[in-house]
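Residue numbers (this note's numbering): 8 to 202.
Ideal Cβ positions, reconstructed from N, Cα and C, are used throughout, including at glycine.
These numbers come from a predicted model, not from an experiment.
Shown next as structure tokens:
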């Protein structure tokens, strides 16, 4: 028997035994979201939201790149370029996350490589955010106009280690079975310690 619910809500299924006799029941209960939707109802609007967010980040990158290459050309520094790269990585990360949700909505499951690319972009974006803040923490442009050679090397190592870990994480999860929970937990722990 198929019951078409009038609205998205919580519904309860009950069996009433009016005779108060022992009975053996056998059957199955399944549910299907409207229009063949495979996402839970609270995530139905996630693909649209992520697509709009990605477009907003792309528009922001284009405006920033245009302003830095024309109006603010003389004042532009490497930090401005790093900010644009950081926003571009966020746009890519959001777009890939949206593509995962679109595939999940249509098919109910997504390929492992989409998850791996999204995770790699997420880690690269986190690293870029740290690289934006690290020069300021070392006093660049606030206390002095330039960083020393040792500080520049430190920034290079601080950027290289998380990028290497992100690439290793993406590469290690590209097997046929996908990433193992232990592997994900260990890489998350390493990233937490490095950050």
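Applying the criterion that 16 or more other CB atoms from any shown protein chain within 10 Å of the CB defines a buried residue, is residue i buried or exposed?
i           : result
residue 97  : buried
residue 70  : exposed
residue 100 : buried
residue 144 : exposed
residue 147 : buried
residue 176 : buried
residue 77  : exposed
residue 84  : exposed
residue 142 : buried
residue 135 : buried
Could you tell me whether the Cβ atoms of residue i and residue j are closer together than 7 Å?
i           : j           : result
residue 104 : residue 120 : no
residue 47  : residue 112 : no
residue 64  : residue 107 : no
residue 127 : residue 173 : yes
residue 68  : residue 91  : yes
From residue i to residue j, what distance separates their C-alpha atoms?
i           : j           : result
residue 72  : residue 9   : 55 Å
residue 27  : residue 110 : 48 Å
residue 62  : residue 56  : 10 Å
residue 15  : residue 117 : 25 Å
residue 182 : residue 115 : Note that residue 182 scores a pLDDT of 47, beneath 50, so its modelled location is shaky and nothing firm can be said.
residue 157 : residue 49  : 50 Å
residue 159 : residue 179 : 30 Å
residue 155 : residue 79  : 26 Å
residue 35  : residue 42  : 22 Å
residue 230 : residue 22  : No information on residue 230 is available, as it lies outside the stretch 8 to 202 that the chain covers here.
residue 161 : residue 75  : 27 Å
In chain order, what residues of the same chain lie with their CB nearer than 6 Å to the CB of residue i, ignoring the 5 residues before and after it?
i           : result
residue 209 : What the structure shows of the chain is the stretch from 8 to 202, and residue 209 is not part of that stretch, so it cannot be assessed.
residue 60  : 101
CB-CB under 7 Å to residue i, same chain, minus the five flanking residues each way: which ones, in chain order?
i           : result
residue 122 : 107
Since residue i and residue j should fall inside the 8 Å C-beta cutoff, what is the C-beta to C-beta distance between them, to a whole number of angstroms?
i          : j           : result
residue 86 : residue 139 : 7 Å
Leaving out five residues before and five after residue i in sequence, what residues of the same chain have Cβ atoms less than 8 Å from its Cβ?
i          : result
residue 24 : 30
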